[in-house]
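Chemist:
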Amino acid sequence: MGKNNNRRKPATQAQIEQIKVVVRGAMDKIYGDLLLDYAFGNVMSQPSSNDILSEQDHAYVKKIFGLHANISDSLLCLSVLLLCNFRAEEPIEKKFLLRRIVVVCHELYKYLYGFTNKKTEWEVIALKLENKYPEECAELMAQGERYLKKYGQSEDKILRDVSNHYSDKPFEFFKYISTINEKGQTDRALMMIRIVQPLSLLLMKEVGDVLPKSNGDTPVDLKSLTGSRQFKDVFTDELLRETLRHITHRKEIIREQVQRVNWCEKFAAKYDHDMTKDKRWSLLKDDNIVLHIMYLQLDTMILSLAMGRAESSVEEKLILAYMVASMHEGFKKIYGFAESARVKSLWYRYAISRMDSVKDSSLSSEIRIMTGVLDVFSEKDYLKNPTVTLFLGHVGYVRDLGGDSSNAMVDYLLQDDHKSELAGVVGVMRFLNELVNVSGKLLSYENDEMSEDNRLDLEKHLEDIDEMERKALAKVHSEKSRQKLKAQTTGLREMIRKVYNWE
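Take any residue in the sequence shown, note its place counting from 1, add 736, and you have its number in the numbering used here.
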């Protein structure tokens, strides 16, 4: 069989640098388009704009500008995320960054084509355009069908939800984040871009046909697209290196936690052991707040690396927006903002629900202190306000925003000072380290309180292994085989000890 010459080769560094230049140039244009859409939308909202257009044309043009703006805000997000990915150094960075492409593409598809029979704004406009631009409209609809076939499966919806909101069960987040790979998500982004770029051009062509020609100035003061970066001096090379070290440390903690659960589940299957009988099992798996905090800290640190590597103000601000959204969603799982929903939070399930059984007064006091601090953070506006989460997690009209996501995004990007937001995120990050320490103490306490039944179970399993090893060695005479067998039984003993002793 001959070699497959069509196999795609990895991009060279020179090719990646070229792609980065292209994406960066596209990002600048997209941001300019978004600001123009925003400005024209404001102009179209003024009573004087009714003087130059009929009522019907006025509503039509305004709808097109809104559609174009919402496409532009999604393209801006995709551009920034792709640039962050190209600059990332570690695979874990890429996974956490690229998962957001799933959210952007899913929401943009839903906005343009929908997942139900209800007509979207684009589909309504397309009905008007299909006689004028039949080939373009037919191709756009066909592209939408192809995208739906490839990326409209139920797994993609779950991946979107977990990517955007984390998960009530930390191991579910790990399961889905593990499926993220660079090729898959860049292919997804490029397929969506191939749909919306010609759509954007078609919309602007239609606007040009409807709006009266004017030689006047553009009705917006376009700020410098590059702008001056607020945080350039904050993210020093030393800080970025230190952040990478923290990322490596947390990645190792996650690996150990996941490995331990895998060991337990393999052991349970082999010996028909019900892990749920051990009251510590939920602490390790479904209620594992430490694992969730590791995800949240990893996410925030990876975004801070991306912010430190940013080359423009708009990148910096949008990355900070993702950081704020991540902290909002992560805190919602840890403790929440609505008091009525806190009974489902990880901290309630992990710590508060066990307060009555904790006889260590010092540990009980620490849990109460942590709960009090969580109460204080839950009222902080930079953490509680869902605006950023809403405009990054949805496309188009958002009821809780009282308008389109694109308008809320531009309002955010045009703000001059975001230093207090970054300071707030850093403050929460530092507190989370304390929360991890107290959570670890609670698990150690539960280990110390391990029931006598569990200790007897452990001894029984170890005796069974000793007996199994003794019988097997009696039948094996080769020294090499005997050593191999002993290594296997030693590994099995170690696994079982880790199942019963969760230090």
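Beta carbons are placed, not taken as given, at the ideal position from N, Cα and C, and that holds for glycine.
1) Does K1216 pass the burial test, meaning 16 or more other C-beta atoms within 10 Å, or should it be called exposed?
2) Starting from E829, trace the alpha helix (DSSP H) both ways and give me its first and last residue.
3) Please list, in chain order, all residues of the same chain as M1030 whose beta carbon is under 6 Å from its beta carbon, the five residues on each side excluded.
4) For the putative contact between V816 and E1051, defined by C-beta atoms under 8 Å, what is the C-beta separation to the nearest angstrom?
5) Ordered along the chain, which non-local residues of its own chain (more than five positions away) have a Cβ less than 7 Å from that of D793?
6) Where does D1014 fall in DSSP's three states?
7) Taking 8 Å as the cut-off, does the stretch 752–764 touch the stretch 891–900 (at least 3 CB pairs, one atom from each stretch)?
8) With 8 Å set as the bound, which would you pick, yes or no: does the beta-carbon of V1172 sit closer than that to a beta-carbon of chain C?
9) Restricting to runs no shorter than 4 residues, where is the alpha helix (DSSP H) found entirely within the stretch 1075–1138?
10) Going by the beta-carbon positions, is the gap between P906 and H982 smaller than 8 Å?
11) Please state if the CB of I1103 and the CB of A1087 are separated by a distance shorter than 8 Å.
12) Out of E1185, E891, A795, state which residue places its alpha-carbon closest to the alpha-carbon of P783.
13) With a threshold of 16 other CB atoms inside 10 Å of the CB of V1164, please say whether the residue is buried or exposed.
14) Are the beta-carbon atoms of Y1118 and G1160 separated by less than 8 Å?
15) To the nearest angstrom, how far is the alpha carbon of I1055 from that of D892?
16) Does DSSP put D773 in a helix, in a strand, or in coil?
17) Just confirm the distance between the C-beta atoms of I861 and K799, as a whole number of angstroms; I'd bet it's less than 8 Å.
18) Look up D1153 in the DSSP assignment and say whether it is helix, strand or coil.
19) Where does V1124 land, buried or exposed, given buried means 16+ other C-beta within 10 angstroms?
20) Can you tell which of H1154, K941, A1046, V1174 has its C-alpha closest to the C-alpha of A824?
21) Considering just the uninterrupted stretch of the alpha helix (DSSP H) at Y1058, what are its terminal residues?
22) Which same chain residues, not among the five before or five after S774, have their C-beta less than 8 Å away from its C-beta?
23) Pick from L834, E872, Q921, L1126: whose alpha carbon is nearest that of V1060?
24) In three-state terms, what does DSSP make of D685?
25) Just list the residues that DSSP pairs D1140 with in beta bridges.
26) So what does DSSP say about D1193, is it helix, strand or coil?
27) What is the DSSP secondary structure of A1223, counted as helix, strand or coil?
28) Looking only at its chain, what residues have a beta carbon closer than 7 Å to the beta carbon of V994, apart from the 5 residues adjacent to it on each side?
29) Under 6 Å Cβ to Cβ from S810, same chain only, skipping five residues before and after it: list those, please.
30) So the candidates are D1010, W1083, K1155; which of them puts its Cα closest to the Cα of G1176?
Modeler: This is what the structure holds:
1) The residue you call residue 1216 lines up with position 480 of the sequence shown. K1216 comes out exposed.
2) Here residue 829 corresponds to residue number 93 of the sequence shown, with the count starting at 1. E829 -> alpha helix (DSSP H) spans 827–848.
3) Position 294 of the sequence shown, counted from the first residue, corresponds to residue 1030. Cβ within range, chain order: R986, I989, I990.
4) As a position in the sequence shown, residue 816 is number 80, starting the count at 1. As a position in the sequence shown, residue 1051 is number 315, starting the count at 1. That pair is a contact at about 5 Å.
5) Indexing the sequence shown from 1 puts residue 793 at position 57. Once the five neighbours on either side are set aside, the close Cβ partners of D793 are V946.
6) Against the sequence shown, residue 1014 aligns to sequence position 278. Reduced to three states, the DSSP call for D1014 is coil.
7) no
8) The displayed structure is made up of one protein chain only, and chain C is not part of it.
9) 1082–1086, 1097–1113, 1117–1120, 1123–1129
10) Position 170 of the sequence shown, counted from the first residue, corresponds to residue 906. Position 246 of the sequence shown, counted from the first residue, corresponds to residue 982. No, Cβ-Cβ distance for P906 and H982 is not below 8 Å.
11) For the purposes of this step, residue 1087 is taken as the residue at position 351 of the sequence shown. For the purposes of this step, residue 1103 is taken as the residue at position 367 of the sequence shown. For A1087 and I1103, yes; Cβs fall inside 8 Å.
12) Here residue 783 corresponds to residue number 47 of the sequence shown, with the count starting at 1. For P783, the nearest C-alpha among the options comes from A795.
13) Position 428 of the sequence shown holds residue 1164. Buried.
14) Here residue 1118 corresponds to residue number 382 of the sequence shown, with the count starting at 1. Here residue 1160 corresponds to residue number 424 of the sequence shown, with the count starting at 1. Their beta carbons are under 8 Å apart, which means Y1118 touches G1160 by this criterion.
15) Stepping through the sequence shown from its first residue, residue 1055 is reached at position 319. Stepping through the sequence shown from its first residue, residue 892 is reached at position 156. Their Cα atoms are separated by approximately 23 Å.
16) Working through the sequence shown from its first residue, we reach residue 773 at position 37. If DSSP states are grouped into helix, strand and coil, D773 belongs with the helices.
17) On the sequence shown, residue 861 is found 125 positions in, with the first residue counted as 1. On the sequence shown, residue 799 is found 63 positions in, with the first residue counted as 1. Indeed they touch by this definition, with Cβ atoms about 7 Å apart.
18) Indexing the sequence shown from 1 puts residue 1153 at position 417. D1153 falls in the coil class under three-state DSSP.
19) Counting from 1 along the sequence shown, the entry for residue 1124 is found at position 388. By the 10 Å Cβ count, V1124 comes out buried.
20) Start at 1 with the first residue of the sequence shown, and residue 824 comes out as number 88. Selected option, being the one with the closest Cα: A1046.
21) If you number the sequence shown from 1, residue 1058 lands on position 322. Start and end: 1049–1070.
22) Your numbering for residue 774 matches position 38 in the sequence shown. Per the sequence shown, residue 774 should be read as Tyr rather than Ser. Excluding residues within five positions, the ones whose Cβ falls inside 8 Å are A805, V956, S1142, N1143, V1146.
23) Position 324 of the sequence shown holds residue 1060. Among L834, E872, Q921, L1126, the Cα nearest to that of V1060 belongs to L1126.
24) In the structure as shown, the chain begins at 737 and stops at 1239. Residue 685 is therefore absent and cannot be evaluated.
25) The sequence position of residue 1140 within the sequence shown is 404, counting from 1. Y1133.
26) Along the sequence shown, read from residue 1 onward, the residue named residue 1193 stands at position 457. D1193 falls in the helix class under three-state DSSP.
27) Residue numbering aside, residue 1223 sits at position 487 when the sequence shown is read from its first letter. Helix, per DSSP.
28) As a working mapping, residue 994 is identified with position 258 in the sequence shown. The answer, listed in chain order, is F910.
29) Numbered from its first residue, the sequence shown carries residue 810 at position 74. Counting only Cβ-Cβ distances below 6 Å, and skipping sequence neighbours, we find V840, L844, V1131.
30) What you label residue 1176 is simply residue 440 of the sequence shown in a count that begins at 1. Of the candidates D1010, W1083, K1155, the one whose C-alpha sits nearest the C-alpha of G1176 is W1083.
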